[in-house]
Amino acid sequence: MLKAIAVVLFVGTILPAVTPAVVKHYSKSCYEYRGHLTEIENGFYTLYDENQIPFTTYCDFESDAPFAWTLIESLSLEEAQKTNNRKSFNYDHPLAECHMTWKLFRLSKARIDVIKSSEGTSHYRATCNFNAVNGTGIDNRIDYLRGEICANAYFFKGHSNYACALVDYLNVRGKTCRKCKVAYAAYDTWHSHIDLTLTATSQYCDKITFPSTITGEDVFGHYANTNPTFSCATDGNSTTQWWIGGAWIAAAF
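Just so it is clear: in the sequence shown, position 159 is 168 by this note's numbering, and no numbers are missing.
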């Protein structure tokens, strides 16, 4: 179900025969939208860019409370492995914005930038096989990534090599690290991803090893070297989602 909102606020004292000023709130992110909902429900919502032009994406309010997450990309493994789709979020590479599917979708850079700069946006995350039909979208936090944008200098910037980035939470095949440094990459021909081999060996990272890792294994994107035991890469129809959002605080509104 597609949802849209225009919150109307009356400003000042209403006097007889005086038309009150009307302020419409055009939510730029799911975090902002969350502040105007009386019932919290995941779904497709209409947001607005800097020119107040509407666009549709998916909002997740339920799987990771109190976070409100805005979907910026969802690709199947088959699509993610195409050279043309191996782009970091520093590049403008919109995909199927008007005909969204979980196998092929990415917002334009201009719309991602609006969400990034909107109220409350502080984190990014990656998920595997988000299920919009059943439950809250994810059953657990296996094969799951979450980090602070301010702690990863390269999430919205291109970088021609790997860098050890601090993440809040990383789980691969059931093993978890918290507040750990991992080998992160993003470039014009490298989609945002983590290299597990470099994460385990680089002197600048935390040398964390994950079970059943193959040489050069890429997780959450790029997928030059894939391991079917990682749920985003089980087969060509497996999907990877990237989101940006923040922990919703009622006092912000």
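Using N, Cα and C, we set each Cβ at its ideal position, and we do this for glycine too.
> Between Val181 and Phe114, which are expected to be in contact by the criterion C-beta below 8 Å, what is the C-beta distance as a whole number of angstroms?
Replying inline: Not a contact, Cβ separation roughly 24 Å.
> For Asn246, which three-state DSSP category applies?
Replying inline: Three-state result, Asn246: coil.
> On the three-pair Cβ rule with 8 Å, is the stretch 211-226 touching the stretch 245-254?
Replying inline: When C-beta atoms of the stretch 211-226 are compared with those of the stretch 245-254, fewer than three pairs fall below 8 Å, so the two segments do not count as touching.
> Who pairs with Pro63 in a beta bridge, going by DSSP?
Replying inline: According to DSSP, which records beta bridges pairwise, Pro63 is partnered with Tyr57.
> With Thr208 and Ala192 assumed to form a contact (beta carbons below 8 Å), what rounded beta-carbon distance in angstroms separates them?
Replying inline: With a Cβ gap of about 5 Å, Thr208 and Ala192 count as contacting.
> What's the gap between the Cα of Leu56 and the Cα of Val123?
Replying inline: When rounded, the distance between both Cα atoms is 10 Å.
> Which parts of the stretch 62-147 are runs of the alpha helix (DSSP H), unbroken and 4 residues or longer, counting only runs that do not cross its ends?
Replying inline: Taken in chain order, the whole alpha helix (DSSP H) runs of length 4 or more contained in the stretch 62-147 are 86-89 and 118-126.
>> Considering only DSSP beta bridges, list what Thr185 is partnered with.
In response: Paired residues: Asn180.
>> Once DSSP output is grouped into helix, strand and coil, what is the label at Ala233?
In response: Here DSSP, grouped into helix, strand and coil, assigns Ala233 to coil.
> Would you report the Cα separation of Ser131 and Phe229, rounded to the nearest angstrom?
Replying inline: Ser131 and Phe229: Cα-Cα distance of roughly 19 Å.
> Residue range of the alpha helix (DSSP H) that Tyr153 falls in?
Replying inline: No alpha helix (DSSP H) contains Tyr153, which is instead part of the beta strand (DSSP E) from Tyr153 to Glu157.
> Taking the C-alpha atoms as reference points, what is the distance between Glu157 and Lys96?
Replying inline: Between Glu157 and Lys96, the C-alpha separation is close to 20 Å.
> Less than 9 Å separating the beta-carbons of Asn161 and Tyr133?
Replying inline: Result yes, Cβ atoms of Asn161 and Tyr133 sit closer than 9 Å.
> Can you give the Cα-Cα distance for Ser126 and Ser211, rounded to whole angstroms?
Replying inline: Ser126 and Ser211: Cα-Cα distance of roughly 33 Å.
> If you compare alpha carbons, which of Trp199, Phe165 and Asp204 is closest to Thr224?
Replying inline: Selected option, being the one with the closest Cα: Asp204.
> How would you label Asp244, buried or exposed, when you count the other beta carbons within 10 angstroms and need 16 or more for buried?
Replying inline: By the 10 Å Cβ count, Asp244 comes out exposed.
> Around the C-beta of Lys190, are 16 or more other C-beta atoms found within 10 angstroms, so that it is buried, or is it exposed?
Replying inline: Residue environment: Lys190 is assigned as buried (16 or more neighbouring CB atoms within 10 Å of its CB, all protein chains considered).
> With burial defined as no fewer than 16 other Cβ atoms inside 10 Å of the residue's Cβ, what is the status of Asp148: buried or exposed?
Replying inline: By the neighbour-count rule (16 or more Cβ atoms within 10 Å), Asp148 is not buried but exposed.
> Roughly how far, in whole angstroms, is the beta-carbon of Tyr40 from the beta-carbon of Tyr54, given that I think they are within contact range, below 8 Å?
Replying inline: About 11 Å separates the two Cβ atoms, so there is no contact after all.
> Just curious, the beta strand (DSSP E) that Asp204 is in, first and last residue?
Replying inline: Start and end: Trp199 to Asp204.
> Considering only C-alpha positions, which residue in the set Phe219, Phe165, Arg155 and Thr198 is nearest to Lys184?
Replying inline: Considering only alpha carbons, the answer is Phe219.
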